[in-house]
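Asker: Residues are numbered in this note's numbering as their position in the sequence shown, beginning at 1, plus a constant of 8. Input: one structure, supplied below.
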Amino acid sequence: TLRFLFDGSYEEFRLKLNQMGETPLPKYITRPLEAEDEERYQSIFAKVEGAVAAPVASLHFSKNLMKKLEIKGIDTVEMTMHVGLGTFRQVEVEDLSKHKMESEQYWLYPETAERVNRAKGEKRKVCAVGTSVIRSLESAGITDNRIKSGNGWTSKFIFPPYKFSVANSLITNFHAPQSTMLMLTAAFAGHELTMEVYHTAIKENYRFLSYGDAVLFL
9 TLRFLFDGSY EEFRLKLNQM GETPLPKYIT RPLEAEDEER YQSIFAKVEG
59 AVAAPVASLH FSKNLMKKLE IKGIDTVEMT MHVGLGTFRQ VEVEDLSKHK
109 MESEQYWLYP ETAERVNRAK GEKRKVCAVG TSVIRSLESA GITDNRIKSG
159 NGWTSKFIFP PYKFSVANSL ITNFHAPQST MLMLTAAFAG HELTMEVYHT
209 AIKENYRFLS YGDAVLFL
């Protein structure tokens with residue numbers, strides 16, 4: 009826990025932090041920070057402050073794209089998860105069950121839970137945008153195949169084999185080797201298909217990591 013002593017209101021403290029701070033790009037991006045990064049590395053869905061990294065799968069979505077999805081009749085709902093740096097920590101143990109994830113806070117709103125449950129009941133696709141969303145959904149209380157709204161903390165590490173309870177479709181970026189995100193992807197799509205997709209991405213010079221391309225698993 010990091011604690012600050014500040015003589016002033018919370019809003020004044022928040023303003024001072026924003027003035028002193030800078031966009032927290034991942035450490036593997038070594039170029040100088042650009043003014044455009046403040047917008048490029050921020051999800052259009054961002055509302056609640058608290059994450060230390062962007063949920064990068066959502067960076068592919070613009071307001072224009074969301075409007076097109078709405079016109080096509082694709083229902084969208086939101087949730088909040090404060091992504092932490094631990095998500096990006098490489099797995100360095102052979103026994104995956106011994107890898108410890110850092111806890112991250114999430115909020116699953118009542119309307120979101122209701123509409124996801126309705127979609128599942130109607131046998132429609134439930135597409136999670138990003139591995140953080142998958143982890144949050146799988147951490148929420150599930151009773152009789154229905155998720156419950158609420159907020160909490162999750163340190164859930166998902167790796168093969170794993171049976172997913174909520175989403176049956178996933179949009180995610182191309183991740184680094186030995187990352188928890190890649191292992192979750194392999195658990196979701198299967199190891200063989202995941203490796204096939206990654207080999208194609210490398211062959212076709214797709215971009216990897218936070219500012220990279222994404223893949224849709226149906």
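C-beta: ideal position from N, C-alpha, C; glycine also.
1. Would you kindly report the start and end of the unbroken alpha helix (DSSP H) that includes residue 197?
2. Indicate the three-state DSSP secondary structure (helix, strand or coil) for residue 225 in the structure shown.
3. Any chance you could list the beta strand (DSSP E) runs of at least 3 consecutive residues sitting entirely within the segment 117–200, in chain order?
4. Can you tell me which of the three DSSP states residue 27 falls into?
5. Straight-line CA distance for residue 176 to residue 136?
6. Does the segment 65–76 come within contact of the segment 89–99, defined as at least 3 CB pairs closer than 8 Å?
7. Are residue 195 and residue 219 touching if we call contact CB-CB under 7 Å?
8. Kindly indicate the opening and closing residues of the alpha helix (DSSP H) around residue 46.
9. Which value, in whole angstroms, describes the spacing of the CA atoms of residue 156 and residue 164?
10. Please report how far the alpha carbon of residue 216 lies from the alpha carbon of residue 180, in whole angstroms.
11. How about residue 162 and residue 112: do their beta carbons lie closer than 7 Å?
12. For residue 219, which of helix, strand or coil comes out of DSSP?
13. In the DSSP assignment, find the alpha helix (DSSP H) that holds residue 72 and state where it starts and stops.
14. Tell me the rounded alpha-carbon separation between residue 117 and residue 86.
Answerer: So, from the data block:
1. 188–197
2. strand
3. 135–137, 158–162 and 177–181
4. helix
5. 8 Å
6. no
7. no
8. 45–48
9. 17 Å
10. 11 Å
11. yes
12. coil
13. 71–79
14. 8 Å
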